[in-house]
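Notes follow once the structure below has been shown.
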Amino acid sequence: MVLNTHIEPGVLGKTESELRTTFLHQVLNIPGGEKIKRCIQCGTCSGSCPVSYSMDIQPREIVALFRAGDIESILKSRTIWICSSCYACTVRCPSGIKVTDLLYALKRMAIDSKKYSKKFPVYALSNSFASIVNRYGINHEPELILQYFLKTNPLKMLSMLPNAFKLWTKGRIKLLPRRIKERKNFSKIIAEAEIMEMIVPLE
Amino acid sequence: MRYLYYPGCSLESSSIAYDESLRWVFKALGIDLIELEDWNCCGATVYMSVKEVVSVVISARNLALAEKMNGDIIAPCNACYTTLCKANRLLKSNKILKAKVDQALKIDNLQYNLGVNVRHPLDVFVNDIGLDVIASRQKRQLSGLKIAPYYGCQIVRPEPGFDDQENPTTMDSLFEKLGAESVYYPMKVRCCGGMLMTTYENAALKLNKEILECAVENNADCIVTTCPLCQINLEAYQNRINKKFETDIHIPVLFFTQLVGQALGGNLKELGLHRHIVPIGEKVAELMEI
Chain A
1 MVLNTHIEPG VLGKTESELR TTFLHQVLNI PGGEKIKRCI QCGTCSGSCP
51 VSYSMDIQPR EIVALFRAGD IESILKSRTI WICSSCYACT VRCPSGIKVT
101 DLLYALKRMA IDSKKYSKKF PVYALSNSFA SIVNRYGINH EPELILQYFL
151 KTNPLKMLSM LPNAFKLWTK GRIKLLPRRI KERKNFSKII AEAEIMEMIV
201 PLE
Chain B
204 MRYLYYPGCS LESSSIAYDE SLRWVFKALG IDLIELEDWN CCGATVYMSV
254 KEVVSVVISA RNLALAEKMN GDIIAPCNAC YTTLCKANRL LKSNKILKAK
304 VDQALKIDNL QYNLGVNVRH PLDVFVNDIG LDVIASRQKR QLSGLKIAPY
354 YGCQIVRPEP GFDDQENPTT MDSLFEKLGA ESVYYPMKVR CCGGMLMTTY
404 ENAALKLNKE ILECAVENNA DCIVTTCPLC QINLEAYQNR INKKFETDIH
454 IPVLFFTQLV GQALGGNLKE LGLHRHIVPI GEKVAELMEI
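Residue numbers (this note's numbering), protein chains in the order written: chain A, 1 to 203; chain B, 204 to 493.
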């Protein structure tokens, strides 16, 4: 496979083996990442999750699949994208497993492996967000929502208009983005960080 | 006392009322709040899903800027607060990550030596300034007002901080000191879904319905929150929730700083109370007239 070196947020191409090495490194890098071996399958994570009803694979099953090496099933699941990072599972896990951080690592792996179409909701949102932040240094809410719906479901934007109008009349929508002063240097920092992201130390 | 203010992107637009009321309250208490020079986005929960090192680097740039200005950061948005805290923690515990971040920051001659604390204004009000000092400046009693204190998820999680992770009480005691009553509210740390409202609306609407209903069932006059994302989800989607679940929920959702500001004598505009989509309600409006 050819290593794609074109730098754009969230879409760095990597080979399968590189992905797995990076991923394992990421998981072990999470403070307490090795604790995943200690899961007792009690299901406290699934029971604590406020959105587990909307998941196809429960958080407890994610840990089991992960330990069994079936990462493919996890990456195809809806679960990793439904997690809203409330950390309820992380706080309550009796084995101290950082479930939310594990899911973050899995999201990054799924994005890197390009398993998703550009229309896929969280993928579209994350990429729009990252590109806006890279451009201005600060997120710009209206542009984020606009970009997101243009990528995913332009018609849905119509249903957003009444709310948007109300917010507008209350002075809660800022049409023009603010930019940070050191934009150029900020971009350089990000470009350097993107390179650092690719480096997996040999241990 | 002097703090470096990190507004974050929401406080400049959809949650401008949080910004207005926070600045007003600090001024009323006579405490310096200096905006962090040239701050950038914290990356929120979204960037962490895309790139790990980059997301920590962009948080670290803010921490480095704060270190240059020699102060601690106040981050009112729960997501900014937890993201900046997390970056701080990762940089302290992970040497390889720290080395990568140092390398990236060096490009703009920045460096971060782990010397900045990230604080939430609720923590600062209760633990630095103190309830007695705030009460001594009180101009209006909040008596008769029943509040549902909604903390959201990221102010107390994932790592233990200034309050209990399952049942925080800081905001309860703050408003009880100021004369209000906090109702039984077991949903106080339940997640509002955050950006799920954009990506998976149906999942998020159900979460918000439960949080709102619990406040209504316990006869709260308003929900008081510490997070911009929670505020907009709980307020701006009440009409959608009512349509979807055939409910009839109309409850004001205020920022905690707006209510502290009321107690300290601020007026409607100073505290951004004119910016709500769901009217602030009779009880809150009555208090303002005193």
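Idealized CB from N, CA, C, for every residue including glycine.
These numbers come from a predicted model, not from an experiment.
Name the DSSP bridge partner or partners of residue i?
i	result
residue 428(B)	353(B), 458(B)
residue 235(B)	205(B)
residue 321(B)	276(B)
residue 404(B)	DSSP output for residue 404(B) lists no bridge partner at all.
residue 385(B)	350(B)
Against chain A, does residue i count as a neighbour if the rule is that its beta carbon must be under 7 Å from one of theirs?
i	result
residue 515(B)	Because residue 515(B) is not part of the residues shown, which for chain B are 204 to 493, the question remains open.
residue 360(B)	yes
residue 406(B)	yes
residue 491(B)	no
residue 241(B)	yes
residue 272(B)	no
residue 396(B)	yes
residue 306(B)	yes
residue 474(B)	no
residue 385(B)	no
residue 399(B)	yes
residue 226(B)	no
residue 402(B)	yes
residue 393(B)	yes
residue 288(B)	no
residue 216(B)	yes
residue 340(B)	no
residue 368(B)	yes
residue 376(B)	no
residue 238(B)	no
residue 332(B)	no
residue 301(B)	no
residue 156(B)	There is simply no residue 156(B) to check, as chain B begins at 204 and stops at 493 in what is shown.
residue 257(B)	yes
residue 248(B)	yes
residue 244(B)	yes
If we cut at 7 Å on Cβ distances, does residue i have a partner in chain B?
i	result
residue 242(A)	Outside the shown range of chain A (1 to 203) lies residue 242(A), about which nothing can therefore be said.
residue 138(A)	yes
residue 104(A)	yes
residue 7(A)	Low confidence applies here, because residue 7(A) scores a pLDDT of 39, under 50, leaving its location unreliable and the question unanswered by this model.
residue 126(A)	yes
residue 151(A)	no
residue 27(A)	no
residue 118(A)	no
residue 130(A)	yes
residue 135(A)	no
residue 97(A)	no
residue 109(A)	no
residue 11(A)	With a pLDDT of 41 at residue 11(A), under the threshold of 50, the predicted position of this residue should be treated as unreliable, though the coordinate-derived value follows. For residue 11(A), the answer is no, since every Cβ of chain B falls outside 7 Å of its Cβ.
residue 192(A)	yes
Determine whether the Cβ of residue i lies closer than 7 Å to any Cβ atom of chain D.
i	result
residue 311(B)	Among the protein chains of the structure shown, namely A and B, there is no chain D.
Mind listing, in chain order, the continuous alpha helix (DSSP H) runs of no fewer than 4 residues lying wholly within the region 245–287 of chain B?
247–251, 255–271
Mind listing which residues of the region 412–440 of chain B have their C-beta closer than 9 Å to chain A's C-betas, in chain order?
Under the 9 Å Cβ criterion, the region 412–440 of chain B contributes 413, 435, 439, 440.
Residue ranges of each alpha helix (DSSP H) run of no fewer than 4 residues wholly in the region 330–365 of chain B, ordered along the chain?
334–339
Does the region 224–244 of chain B come close enough to the region 259–279 of chain B to have 3 or more Cβ pairs within less than 8 Å?
Counting C-beta pairs with one atom in each stretch, the region 224–244 of chain B and the region 259–279 of chain B have three or more that are closer than 8 Å, which means they touch.
Can at least three beta-carbon pairs, one atom from the region 292–307 of chain B and one from the region 246–253 of chain B, be found at a separation below 8 Å?
no
Residues of the region 76–92 of chain A in Cβ contact with chain B at a cutoff of 8 Å, in chain order, please.
81, 82, 84, 85, 86, 87, 88, 90, 91
Chain-ordered residues of the region 58–75 of chain A with a beta carbon less than 9 Å from chain B:
Listed in sequence order: no entries.
Counting pairs of beta carbons, one from the region 43–60 of chain A and one from the region 105–119 of chain A, are three or more of them closer than 8 Å?
no
Using 8 Å as the Cβ pair cut-off and three pairs as the minimum, do the region 355–363 of chain B and the region 280–295 of chain B touch?
yes
Can you give me, in chain order, the residues of the region 155–168 of chain A that have a beta carbon less than 7 Å from any beta carbon in chain B?
163, 166, 167
Pair every Cβ in the region 77–84 of chain A with every Cβ in the region 398–414 of chain B, then say whether three or more of these pairs are closer than 8 Å.
yes
Inside the region 143–178 of chain A only - alpha helix (DSSP H) runs reaching at least 4 residues:
156–169
Three or more C-beta pairs under 8 Å: does that hold for the region 345–352 of chain B against the region 422–430 of chain B?
Three or more Cβ pairs closer than 8 Å define a contact, and the region 345–352 of chain B meets that threshold against the region 422–430 of chain B.
Any chance the region 210–220 of chain B sits against the region 254–271 of chain B, with 3 or more Cβ pairs inside 8 Å?
no
Using a Cβ cut-off of 7 Å, which residues of the region 436–470 of chain B contact any Cβ in chain A, in chain order?
Of all residues in the region 436–470 of chain B, only 439 place a beta-carbon less than 7 Å from a beta-carbon of chain A.
Per the contact definition of three or more C-beta pairs closer than 8 Å, is the region 458–471 of chain B in contact with the region 334–351 of chain B?
yes
Evaluate the contact criterion for the region 141–159 of chain A versus the region 446–462 of chain B: three or more CB pairs, one atom per stretch, below 8 Å.
no
Note down, one range per segment and in chain order, each alpha helix (DSSP H) of at least 4 residues found wholly within the region 99–145 of chain A.
99–112, 121–136
Are there three or more Cβ pairs, one per stretch, closer than 8 Å when the region 61–79 of chain A is compared with the region 373–390 of chain B?
no
Ignoring anything shorter than 3 residues, give me the beta strand (DSSP E) runs that lie fully in the region 14–93 of chain A, in order along the chain.
none
The region 33–40 of chain A in contact with the region 51–71 of chain A per 3-pair CB rule at 8 Å:
yes
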